[in-house]
């Protein structure tokens, strides 16, 4: 998790949604469970999306997004999107998430596997009322699979 004595990245904040279309709730720590997701998040309890379609699979277990992407969205497009508004579970700083696709990495005590980029969608724009897609293309986050059970906490290191 260290490279030259410096953490590669860290968790800025954690967000879950108890219900599919609910606002996110910021929490200090969360239990990650392989095959289920994050305890307390709507995907943990149910595999149904807001449209009623069944959404299952390892890419639904946890999502991450870089705070740098949100800062760039504000700087380059004049659009402010709060950490919870991004509708991703873990906000990070100091690590390029797009480089983790196909790799196994660690967040605190939990091992994850990067599945694919989490591109911004029309649903995110509808919910926020903001035209975020142009500014978040290829920077909308990372969908990952949880490989080991454990706690993820605000401030945890992210690395290999």
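In the working numbering, the protein residues as written are 1 to 160. Glycine is no exception: its CB is placed at the ideal position from the N, C-alpha and C atoms.
Point to revise | Three-way DSSP call (helix, strand, coil) for residue 86 in this model | key: Three-state DSSP puts residue 86 in coil, outside helix and strand.
**Study point:** CA-to-CA distance, residue 76 to residue 53, given in whole angstroms
**Key:** Because the pLDDT at residue 53 is just 48, under 50, the model does not fix this residue reliably, and the point stays unresolved.
Check your understanding: Should residue 32 and residue 110 be called a contact, given that it needs their Cβ atoms to be closer than 7 Å?
Key -> Yes, these two residues count as a Cβ contact at 7 Å.
**Study point:** Contact belief for residue 142 with residue 101 at Cβ below 8 Å, rounded distance in angstroms
**Key:** 7 Å
Exercise for review: Please say whether residue 83 and residue 13 have beta carbons closer to each other than 7 Å?
Suggested key: yes
Review point. Is residue 122 helix, strand or coil by DSSP?
Key: helix
Point to revise | Coarse secondary structure for residue 67, derived from DSSP in three states | key: Of the three classes helix, strand and coil, the one that applies to residue 67 here is helix, per DSSP.
Exercise for review: Pull up the CB-CB distance for residue 155 and residue 79, whole angstroms please, since I reckon it's below 8 Å.
Suggested key: Contact between residue 155 and residue 79 is absent: CB atoms are separated by about 27 Å, not below the 8 Å threshold.
Check your understanding: Do residue 67 and residue 97 have their CB atoms nearer than 7 Å?
Key -> no
**Study point:** Proximity winner among 118, 57, 149, 124, relative to residue 138 (alpha-carbon distances)
**Key:** 118
**Study point:** Rounded distance between the beta-carbons of residue 30 and residue 115, thought under 8 Å
**Key:** Not really, about 19 Å apart at Cβ, beyond 8 Å.
Point to revise | Coarse secondary structure for residue 81, derived from DSSP in three states | key: Coil.
Check your understanding: Do you know how far the Cα of residue 73 is from the Cα of residue 124?
Key -> 14 Å
**Study point:** CA nearest to the CA of residue 19, picked from 10, 120, 43
**Key:** 43
**Study point:** Endpoints, the beta strand (DSSP E) within which residue 112 is located
**Key:** 110–117
Point to revise | Nearest-angstrom Cβ-Cβ length linking residue 70 and residue 144, presumed shorter than 8 Å | key: Contact between residue 70 and residue 144 does not hold, since their C-beta atoms are separated by about 19 Å, which reaches or exceeds 8 Å.
Review point. Residues in its own chain within less than 7 Å of residue 149 by CB, not counting five upstream and five downstream?
Key: The answer, listed in chain order, is 32, 33, 34.
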